[in-house]
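With the working numbering, the residue at position 185 of the first sequence is 185, and numbering never jumps.
Glycine included, every Cβ here is placed at the ideal spot set by N, Cα and C.
Okay, so here's the structure we're looking at.
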Amino acid sequence: MLDKKRFLVTSALPYANGPLHIGHLAGAYLSADIFVRYLRLMDKEVAFICGADEHGAAITMRAKKEGISPREIIDKYDAQFRDSFEKMRISFDIFHRTSSELHHRTAQEMFMDLYKKGEFVEQSTAQYYDTEAEQFLADRYIIGTCPKCTNLDAYGDQCEKCGSTLSPDELLPPIRSTLSQSTPEKRTTSHWYLPLDKYEGMLREYIEKGELNGRFHHDASAWKAHVIGQCKSWLDGGLVPRAMTRDLDWGIDVPQELPNSAGKKLYVWFDAPIGYISATKQWAADQQKDWKDYWQSEDCGLIHFVGKDNIVFHCLIFPAMLKAHGDYILPVNVPANQFLNLEGQKISTSRNWAVWIHEYVASYPDRIDELRYNMVKNMPETRDSEFTWKGFQESSNTELVNNLANFVNRVMVLTNKYYDGVMPKYEQLLTFKASDNAEDEASFKDELELISEKVEEYCLCIEKYDFRGAMKTVMEISSLGNQLLQFNEPWKLIKTDPLIVEACMSAAVQYVAVLSVLCRPFLPDTADRMRKMLNLEPITEEGELKELRRKLSVFEALVPKTHKIGEPEHLFTRIPDEMIALEMEKLQSTLDMNTSTNLAKGEKTAFTALSATATYDDFSIIDLRTATILAAEQMPKSDKLLKLTVDLGFEQRTILSGIAKHFSPEEIIGKQILVLANLAPRKMMGIESNGMVLMAENAEGKLSFVSPPEGWMNGSVVK
RNA sequence: GGCGCGGUAGCUCAGCUGGUUAGAGCGCAUGAUUCAUAAUCAUGAGGUCGGCGGUUCAAGCCCGCCUCGCGCUACCA
């Protein structure tokens, strides 16, 4: 796996419209950081690339909401990202920005290259156009009524109230533009599409066999099952051309020399991954290196660390772009992680259900490695996993404090006590009880051999992206160290066989030295402190692990005889119950805030903002009627739709309603309801729906029918 | 509904291309120990590997059906 001369490792670019939480960390940043630090320790050339993704309509919208400019938004989050990453000790070689001039140029050049090669297909479609603002409207700029929850202020791409994904064509009137509040009209606009279908065969070979141009490219069996599965699912579904440009005002201009390019920007998903390239260019320029050695050389292994939501972009779309260009290498692996849940619930930014990195590093600046450790332990490598504060406390206290820190401490204390911190001139051949078995005898050399095996196991784990497994071997080495002391009881033996104690303690110190290197990718700060305690030169991540393996292979001591070590120091302190209680309280208050119980208390609530003012005329075209549900049945092949027959008094109708997840057909028969009666008919799943059932939704997303008093006449006008 | 990934001890998770009595850490019980942040070490109790059926000399691992969780997708007037 380390057969490449150099490596280019990327972490997904965080989107600059919100802070980072532990889910981000576990998904794409910590694992990449561990991997990169490992590569450096193995003396590999590596560039670790990341940056802020700063374009797209969501940022403009957020700016508008906060009453500041998009530039202020992205500057704010760029600064916050840098601070969070630095404090979490994510060791990017460069954290770049897609708003930079270099990136704009790089993305435009890529676009022009593909254009000149004839890789794009130009296609016209009808889209909403704001005649007052004189521009086409991005999905985000169109507001209309959400067809799912009837929120009057749903965006063209998503309804923020019910969270459903939309397209502008699905929005119901009144449709208006956020730019001018006017009603947009449909006009024809053209965009450049990348015909992904053209690359289907190539992508299939790449994903399924790990082949490129008929030649071996990577070991497909080394990819995670869920990554390949997701890609195959897309391939089997058939790829379709994807628009690479949008009508936006916050983004990278489509090169102006192209016809019809006015007002058009590059699609954020075209722009963002190129951010990896531009960031590499900047870094290479800063370091006097050639960026092409990384992006356009077969000697380089490209690895993208992402969350599972980014799989298809990094495994199919971006590779198709790179392949279309022709000069670029493709990723040799995309070790995507799954999602991290928090205390039994999905992490949610909008519901504030998260542990925010900027808050954590501010509150607990001395507990960075503890969080890193727990993240690794619960890393969602192959399935969703769970972070709990209780688990965090437990893993820190029992494993980091009791096992690791305690072992290091007892070695330091004993060595200082018996030898004044100076490594004794032990006799190589003397034997003592082996650390892995109290029945066996072992010499200093035997112990090095045992450690060596563990180190090899550790390397193997990391190279197959099994970081949890690697971390476990680290803890096993620490456990072996504890056993070594326990079995030999130097505190007793010192009185009878001081020479044996010399050999045994010397071995124990080697354990600590090995741990100081192996800890580095996971617990960088802890590794530093261990080095300091041992009075060894600090780790600079320049081949230390490679050197360590060399020494172990020839049984050379890592801490030589007569070396003077430093003073003992506690590596970790216990996590007190109060800290956990405080964090749990914080989450609980979030929970309270999100539920309706607090609405009555008048505390801060999650009321949806009032929609734009409607005139009476706006309202008068709406015809609401009372009705009764006569029959209800589950729509076949649908998860959400119920097929209702309702009695409007003057007629009976079929209405399809997306409430199957909330009500069973049986329980709603006979229910009296309100119906939007003059809604244009719409066909769904092959059946025409005539009207819409009105529902009230609470803060938790639960639905309730809106009903007239029992026995009220069907067909009554509601006004 | 379609597709993908999962459902393994109380908890968090390992189990490679099917092969002896299914593993680890934490928690729990008992014992040992004191150099160490009530730390450490030993031993032990805990699982019909989501359910049913099938293939096989042999299945947690393969096949079929069902069920639950998550994701993508269709759908939500």
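Mapping the DSSP letters down to three states, classify residue i as helix, strand or coil.
i, result
"Cys315", "helix"
"Lys604", "Residue placement at Lys604 is poorly supported in this model, since its pLDDT is 37, which falls under 50; the coordinates are not used for a value here."
"Ala508", "helix"
"Pro14", "coil"
"Asp592", "helix"
"Arg574", "coil"
"Arg625", "strand"
"Leu8", "strand"
"Asn409", "helix"
"Lys640", "coil"
"Asp83", "helix"
"Arg204", "helix"
"Glu386", "strand"
"Pro524", "helix"
"Asp446", "helix"
"Gln338", "coil"
"Gln288", "coil"
"Leu102", "helix"
"Gly163", "Here the model assigns Gly163 a pLDDT of 45, short of 50, so the residue's position is not dependable, and the following value carries that caveat. Three-state DSSP puts Gly163 in coil, outside helix and strand."
"Val559", "coil"
"Gly23", "helix"
"Ser664", "coil"
"Glu583", "helix"
"Lys546", "helix"
"Leu480", "helix"
"Val717", "strand"
"Met475", "helix"
"Arg71", "helix"
"Ala354", "coil"
"Val332", "coil"
"Ile90", "coil"
In this structure, what does DSSP give as the bridge partners for residue i?
i, result
"Arg97", "Ala52"
"Arg242", "Leu194"
"Asp253", "Lys265"
"Leu485", "Leu485 pairs with nothing; no bridge assigned."
"Ser278", "Partner(s): none; Ser278 has no beta bridge."
"Cys300", "Arg6"
"Lys346", "Asn341"
"Val422", "Lys564"
"Val401", "For Val401, which the question treats as bridged, DSSP gives no partner whatsoever."
"Lys683", "Glu688"
"Gly307", "Asn337"
"Thr189", "Thr125"
Over the uninterrupted alpha helix (DSSP H) stretch that includes residue i, give me the two end residues.
i, result
"Val722", "Nothing can be reported for residue 722, as the shown portion of the chain is limited to 1 through 719."
"Asp440", "That residue, Asp440, is in no alpha helix (DSSP H); its beta strand (DSSP E) goes 437–443."
"Ile228", "225–237"
"Val432", "It should be pointed out that residue 432 corresponds to Phe in this sequence rather than to Val. Counting along the chain, Phe432 falls outside any alpha helix (DSSP H), though it belongs to the beta strand (DSSP E) covering 431–434."
"Glu370", "368–377"
"Val182", "With the sequence shown as reference, residue 182 is identified as Ser, and Val is not the correct amino acid for it. Per DSSP, Ser182 belongs to no alpha helix (DSSP H) and is neither H nor E."
"Arg62", "57–66"
"Tyr360", "357–363"
"Tyr465", "Element bounds for Tyr465: n/a, residue is neither H nor E."
"Pro490", "490–496"
"Leu258", "No alpha helix (DSSP H) holds Leu258; DSSP gives it neither H nor E."
"Ile539", "Unbroken run through Ile539: none, as it is neither H nor E."
"Ile34", "30–41"
Counting along the chain, where does the beta strand (DSSP E) carrying residue i start and finish?
i, result
"Ile673", "672–676"
"Asn704", "Rather than Asn, the amino acid found at residue 704 in this sequence is Ser. It spans 703–705 - the beta strand (DSSP E) in which Ser704 sits, taken as one unbroken run."
"Leu656", "652–657"
Between the segment 455–470 and the segment 495–505, can you find at least three pairs of beta-carbon atoms closer than 8 Å? Contact fails between the segment 495–505 and the segment 455–470, because fewer than three Cβ pairs, one in each stretch, are under 8 Å apart.
Contact the segment 570–579 vs the segment 402–414: 3+ CB pairs below 8 Å: Yes: at least three Cβ pairs fall under 8 Å.
For the segment 51–60 and the segment 363–372, state whether three or more C-beta atom pairs, one from each stretch, are separated by less than 8 Å. no
Would you be able to state if there are at least three C-beta pairs under 8 Å between the segment 433–443 and the segment 476–486? In short, these stretches touch, since the Cβ pair count reaches three.
Pairing CB atoms from the segment 82–92 with CB atoms from the segment 236–243, are three or more of them under 8 Å? no
Is it a yes or a no for the segment 704–718 touching the segment 685–696, going by three-plus beta-carbon pairs under 8 Å? yes
Do the segment 95–104 and the segment 383–400 meet, that is, are 3 or more Cβ pairs less than 8 Å apart? no
Answer yes if the segment 320–328 comes into contact with the segment 110–127, meaning at least three C-beta pairs across the two stretches below 8 Å, and no otherwise. yes
Three-pair Cβ contact test at 8 Å for the segment 301–308 versus the segment 330–337: yes
Cβ contact check for the segment 32–50 and the segment 270–281: 3 or more pairs under 8 Å: yes
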